[in-house]
Amino acid sequence: MNILAVPGLIPLWLKFAYIAFLCIFIPVYVRDWGWANFLWLSDICLFSTAVAVIFEQPALASMMAIGVLPLELAWAADFLTGGKVIGLATYMFDDSKSLFLRGLSLFHLALPPTILWILYRFGYDPRALWRQVAFTWVILLVTYAVSTPSDNINWVYGPGSKPQQMIPPNIYFAIEMIVLPLCVLWPMHWLMQRLFALPHSASG
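Next up, the structure:
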């Protein structure tokens with residue numbers, strides 16, 4: 091089956107746009123940042139959203155909506171204010187970094203409208219809550235196992251760019267594993283259920 095020719099609710103130009111971007115994004119990021127960089131939840135959200143767009147899968151979009159959408163909205167807000175509010179997008183205004191490389195990070199701005207549009211067209215799948223909890227835990231465990239404190243990918247060693255020093259690293263990591271589902275995933279799940287209808291696959 092030709093996935094790009096399937097008549098559906100997502101236009102072909104958007105599918106081709108995500109495919110073309112990934113063909114550029116992946117080799118450039120591997121060259122400049124290495125494979126471990128793809129463990130960032132934002133990068134995983136990009137890949138998952140691309141799959142959701144290409145295959146028209148609201149289940150993946152639903153997972154990203156509760157798991158990563160708040161982070162993407164925070165990045166967008168920080169970028170639009172010059173990276174001075176939260177610090178997530180400060181690197182975008184660092185002239186010492188490649189303009190092309192920084193330009194690729196603009197995918198953060200495209201993810202929120204894409205995810206919300208998919209949910210508007212297809213509906214929100216409530217099964218996303220437990221799927222995303224399990225998925226997030228796996229990603230965090232892998233990140234903690236293979237990354238270094240200096241990288242602090244997904245903030246598994248401390249909030250922000252630097253590791254925290256106040257409590258033992260394993261205690262902080264355990265707290266993060268508990269706080270994310272309770273304070274981010276569940277509230278977003280509650281909100282998405284009230285904003286969007288059920289998809290046919292979930293309601294049936």
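Residue numbers for the sequence shown follow the numbering used here, beginning at 91 and rising by one. A virtual CB, placed ideally from N, CA and C, is assigned to each residue, including glycine. In this text the structure is predicted, and so the values were computed from the model without any measurement.
Other residues of its chain near residue i: CB distance less than 7 angstroms, five sequence neighbours each side excluded
i: asparagine 295; result: The question about residue 295 has no answer, for the chain in this structure spans 91 to 294.
i: glutamate 162; result: Ser132, Cys135, His198, Leu201 and Pro202
i: asparagine 127; result: Tyr119 and Asp133
i: tyrosine 187; result: Sequence check: residue 187 is lysine here, not tyrosine. The residues are Tyr181.
i: tyrosine 108; result: Ala140, Val143 and Ile144
i: aspartate 122; result: Leu191
i: valine 175; result: Ala167 and Asp168
i: isoleucine 257; result: none
Other residues of its chain near residue i: CB distance less than 6 angstroms, five sequence neighbours each side excluded
i: tyrosine 210; result: none
i: arginine 192; result: Met182
i: tryptophan 276; result: none
i: leucine 219; result: His279
Residue i, DSSP secondary structure in three states
i: threonine 180; result: helix
i: asparagine 260; result: helix
i: leucine 99; result: coil
i: arginine 121; result: helix
i: glutamine 283; result: helix
i: leucine 288; result: coil
i: tryptophan 130; result: coil
i: lysine 174; result: coil
i: glutamate 162; result: helix
i: glutamate 146; result: coil
i: serine 293; result: Its pLDDT being 43, under 50, serine 293 is placed unreliably in this model, and the value from its coordinates should be taken loosely. Residue state, collapsed to three classes: helix.
Contact set for residue i: own chain, Cβ-Cβ below 8 angstroms, skip 5 residues either direction
i: methionine 278; result: Ala155, Ile156, Gly157, Leu159 and Pro160
i: phenylalanine 183; result: Gly172 and Gly173
i: proline 117; result: none
i: isoleucine 114; result: Leu194
i: serine 283; result: Note on residue identity: the sequence assigns glutamine, not serine, to residue 283. Closer than 8 angstroms at the Cβ level, and outside the excluded window around glutamine 283, lie Tyr214 and Pro216.
i: methionine 91; result: Reliability of the predicted coordinates at methionine 91 is poor, the pLDDT of 37 falling under 50, and the value obtained from them is presented with this limitation in mind. Result list for methionine 91: empty, nothing under 8 angstroms.
Residue nearest to residue i in terms of C-alpha spacing, selected from the options
i: proline 216; options: Leu178, Leu170, Leu288 and Ala164; result: Leu288
i: tryptophan 130; options: Thr233, Leu112 and Ala164; result: Thr233
i: serine 195; options: Phe169, Leu206, Ile208 and Ser237; result: Phe169
i: isoleucine 261; options: Phe115, Val246, Pro271 and Val274; result: Val246
i: alanine 235; options: Gln222, Ser152, Pro271 and Pro259; result: Pro259
i: isoleucine 205; options: Met153, Val274 and Leu231; result: Met153
i: arginine 221; options: Leu150, Leu178 and Leu189; result: Leu150
i: leucine 230; options: Pro239, Phe263, Ile208 and Ile257; result: Phe263
i: phenylalanine 212; options: Gln255, Pro148 and Ser237; result: Pro148
Cutoff 7 angstroms: residue i Cβ touching any chain C Cβ
i: aspartate 133; result: This model lacks chain C altogether, as it is built from one protein chain only.
### Task
List in chain order: all unbroken alpha helix (DSSP H) runs of 4+ residues lying wholly within the segment 186-252.
DSSP runs (the alpha helix (DSSP H)) wholly in the segment 186-252: 189-194, 197-212 and 218-236.
### Task
Mind the definition here: the segment 263-275 touches the segment 224-237 only if three or more C-beta pairs lie below 8 angstroms; say whether that holds.
Short answer: they touch.
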